[in-house]
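Heads up, the thing below is written out as structure tokens.
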Amino acid sequence: MVSPRDDKLTTKIEDLRNSLGEKTSRKLELDKCNRLVKRLNILSSECEKCYQDFIDLEKHITELADKTDQLTKTDFKQHSQKLESISSHLLKEHKLVSKDYYLSIYMSLGLSIGLIFGLLFDNLSLGLPIGLGIGVAIGAGLDADVKKKGKII
1 MVSPRDDKLT TKIEDLRNSL GEKTSRKLEL DKCNRLVKRL NILSSECEKC YQDFIDLEKH
61 ITELADKTDQ LTKTDFKQHS QKLESISSHL LKEHKLVSKD YYLSIYMSLG LSIGLIFGLL
121 FDNLSLGLPI GLGIGVAIGA GLDADVKKKG KII
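With UniProt numbering applied, the sequence shown corresponds to residues 1 to 153, in that order.
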């Protein structure tokens with residue numbers, strides 16, 4: 001469901017990306033910004049905070065586009081804080097997860113369990129890869145399930 005407002009903001013972000021260059025675009029996390037715009041657009045009909053965040057993000061992107069030549073560290077910091085604020089709302093209130101969320105959690109958990117088994121069987125070189133493999137398998141499976149349900153930011 002693409003609204004004209006969403007399409008307009010996505011176009012602004014792409015124009016901003018083209019005018020700033022690759023390095024600055026990565027610093028501003030414009031890919032993440034694009035994903036947040038799409039997610040906020042979908043959720044704004046149900047959630048007042050998402051609607052307000054969408055409007056605030058639209059104003060913020062317009063301000064960034066207006067001063068592409070004179071971006072300061074403060075602008076980068078404000079942009080980062082705004083994206084973090086929106087992301088935390090989506091994570092907490094709408095139970096969305098970031099990309100590879102479960103993979104990172106279960107990989108470290110698998111390594112820990114593998115370390116324990118490696119110490120128990122006096123063979124760390126066997127315990128760590130087995131634990132890592134199990135953790136990656138479980139994490140990747142959960143991430144695939146979440147992606148299928150459309151719960152990724």
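Think of the CB as a built atom: it goes at the ideal place given N, C-alpha and C, for glycine as much as any other residue.
Could you name the residues that DSSP lists as bridge partners for residue i?
i: ILE152; result: VAL97
Report back the beta-carbon spacing between residue i and residue j to the nearest angstrom; my notes put them in contact at under 8 Å.
i: SER87; j: ILE153; result: 6 Å
Can you tell me which of the options puts its alpha carbon nearest to the alpha carbon of residue i?
i: LEU30; options: CYS47, GLU46 and ALA65; result: ALA65
i: GLN70; options: THR24, LEU142 and ILE55; result: THR24
i: THR10; options: SER45, ARG39, GLY21 and ARG26; result: ARG39
i: CYS47; options: LEU20, LEU120, SER125 and HIS89; result: HIS89
When you compare only the Cα positions, how much space is there between residue i and residue j?
i: SER80; j: ASP100; result: 20 Å
i: THR68; j: LYS82; result: 18 Å
i: LEU111; j: LYS8; result: 45 Å
i: ASP53; j: ASP145; result: 28 Å
Can you find a C-beta in chain C that's less than 8 Å from the C-beta of residue i?
i: PHE76; result: Of the protein chains in the structure, only one exists, and it is not chain C.
Note the first and the last residue of the continuous alpha helix (DSSP H) segment covering residue i.
i: THR11; result: 4–20
i: PHE54; result: 48–66
At a threshold of 7 Å, does residue i count as lining the ligand NAD (C-beta to nearest heavy atom)?
i: ILE113; result: Questions concerning the ligand NAD fall outside what the structure shown contains, since it holds no ligand whatsoever.
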